[in-house]
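Quick notes on the structure that follows.
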DNA sequence: CGTCGTATTGACCTTTCTCAAGTGGGGTGG
DNA sequence: CCACCCCACTTGAGAAAGGTCAATACGACG
């Protein structure tokens, strides 16, 4: 286990609290003293460290400050990746209904995450309509995202899926104010392939092809978007 | 437009209020007089009638009492189906965050749906922790369902997708107490194919093949499940 | 500077799509 | 009441996308 109060690594990208997915409720000045009891701020996890295991009792959400996580389940002995989570994202909303975690959560890189206790958050929801609206908004957004993702993954071919995936990465960072066209992938090809329902070879081939089209520049885990609008067009999404 | 207070058709399958997705908050005895102002009970829609169009201002959820709906968006001029909704399902949770409907909602058959006003529901959430927990539970369940669906549709081949789809239909009805192995599809092959990201021809071929395996018996829109456990196994899900 | 794990590339095979023709059932008009 | 028609569905043959297996290249790390 890691040191609880390990400081933020200046090298890695992180969200300022104002841009975090929980937004306004994360700002101490908005909620004064109530906040401290709800959030155990900034716990650090090492690369490949498992935060929770599928089936564990649900107690707290995780909100990523810096780094990246993946969630997965084991089906027939093989890992099936459910999602990737980046700075500002919240994990655990699906667990409210089951009272336990439905996925294993693992750190892809060194990650700093805020812990948010469920019980205490619920108490705040009743007390403050601002918190209530924030949480409803968050859950609704989550549902909308999943709808879009299902559309994407049922309708798109391999090339479009991969383009959509990179667009998603770009958008996730952009939403938090980080608009660089250079992206460092925190996951390996196998994880991407697994998540998109493709094979490693197909992912590799398509990255090469997209590079030859002048849309991307790929070098290992580093991707540079050369033509953003072409990438979005390939993903069949409106920019 | 239809007669608002058209009575429930006895022929079609419907959920009793106790099994509706909004569950306890739909039972008048639990919420007494507050309920009537929130729910405009049982409005009827004709087959192919459009309830709301993508982009319309969001005001109310729809909870299906009987019949079936589909939601879709138009991408590049073609319809892309987002989901099918059956008795007990609630539509509109994704709209909380956008304040407008993200999909067009259309009736697949004659459908009876309860309308639930958003503003009034939110007021109830603050007043009653029971309502609050019900709604959080509902949204969480929704997120969990989408997670599972994404897994399903990114990892499965055509045969598994279709089996999973029929399992889902069966399960949806079973959850509401309707455990018959005979299912009448309310959607056409084209809709199923669209939704699953397949072609009509593939859907047709797989239905035929699955029938030859003795798992299903297909006759137009009528499907009879001959071997439920084999079907779930084909869908790669635990029963 | 070698080693191990990850990524790329190539040849071949399976699945699904595409295009095209044929079938069948429900509704309408004679 | 029957025949016809239309639309939804089924079936078949060839094409394309993606998967599989195998060899090779790269790169981080000791």
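Chains as they are written, first to last, in the UniProt record's numbering: chain A, 1 to 239; chain B, 1 to 239.
The beta carbon of each residue, even a glycine, is placed where N, CA and C say it ideally should be.
Treat the numbers as computed from the prediction; the structure is a model and nothing was measured.
Looking at the DSSP output, residue 188(B) shares a beta bridge with no other residue. For the set 100(B), 180(B), 94(B), the Cα lying nearest the Cα of residue 53(B) is the one of 100(B).
Of the other Cβ atoms in all chains shown, 16 or more fall within 10 Å of the Cβ of residue 96(B); this residue is therefore buried. DSSP places residue 54(A) outside both helix and strand once states are collapsed to three, so it counts as coil. Unbroken beta strand (DSSP E) runs of no fewer than 3 residues, entirely contained in the UniProt domain "HTH crp-type" (156-229) of chain A, are found at 182-184, 216-219, 222-225, following chain order. Near chain B, meaning a CB-to-CB distance below 7 Å, the residues of the region 130-141 of chain A are 132, 136, 137, 139, 140, 141. Straight through space, the alpha carbons of residue 232(B) and residue 218(B) are spaced by roughly 17 Å. Residue 111(B) is bridged by DSSP to 45(B).
With 16 or more other Cβ atoms from the protein chains shown falling within 10 Å of its own Cβ, residue 67(A) counts as buried. Residue burial annotation: residue 154(B) is buried, with at least 16 other C-beta atoms found within 10 angstroms of its C-beta. Cβ atoms of residue 109(B) and residue 186(B) come within 8 Å of each other, at about 5 Å.
Between residue 46(A) and residue 123(A), the gap from beta carbon to beta carbon reaches 9 Å or more. Boundaries of the alpha helix (DSSP H) harbouring residue 126(B): 118-127, taken from the DSSP string.
The beta carbons of residue 194(A) and residue 80(A) sit about 7 Å from each other, so the pair counts as a contact at 8 Å. A Cβ-Cβ separation of about 19 Å leaves residue 146(B) out of contact with residue 58(B) under the 8 Å criterion. Residues of the same chain with a CB within less than 6 Å of the CB of residue 94(B), apart from the 5 flanking positions on each side, are 102 in chain order. Contact between residue 196(B) and residue 161(B) holds, with the beta-carbon distance rounding to 5 Å and staying under 8 Å. Nearest in C-alpha terms to residue 112(A), of all of 165(A), 20(A), 235(A), 163(A), is 20(A). By the Cβ neighbour-count rule, residue 55(A) is exposed, with fewer than 16 other Cβ atoms within 10 Å of its own. For residue 66(A), the enclosing beta strand (DSSP E) starts and ends at 60-66. By the Cβ neighbour-count rule, residue 142(B) is buried, with 16 or more other Cβ atoms within 10 Å of its own. The same chain holds no residue with a CB closer than 7 Å to that of residue 201(B) once the five nearest residues on each side in sequence are set aside. Against chain B, a Cβ distance below 7 Å from residue 94(A) picks out 140, 143, 144, 147. The criterion of a C-beta distance shorter than 9 Å is not satisfied by residue 213(A) and residue 235(A). CA-CA distance, residue 16(A) to residue 183(A), rounds to 19 Å. With respect to chain A, the C-beta atom of residue 155(B) has a partner C-beta closer than 9 Å. The beta-bridge partner set that DSSP reports for residue 232(B) is empty. Beta-bridge pairing by DSSP links residue 80(A) to 73(A). Cα atoms of residue 98(A) and residue 211(A): separation of roughly 43 Å, rounded to the nearest angstrom. Taking residue 62(B) as reference, the option from 128(B), 43(B), 191(B) with the minimal CA-CA separation is 43(B). Residue 104(A) is positioned such that its CB atom lies no closer than 9 Å to that of residue 131(A).
Per DSSP, reduced to three states, the secondary structure at residue 98(A) is coil, with no helix or strand assignment. Burial is judged here by how many other beta carbons sit within 10 angstroms of a residue's own beta carbon; residue 70(A) has at least 16 and is buried.
For residue 85(B), the pairing in a beta bridge is given by DSSP as 69(B). In summary, residue 134(A) is buried, with 16 or more beta-carbon neighbours lying within 10 Å of its beta-carbon over all protein chains present.
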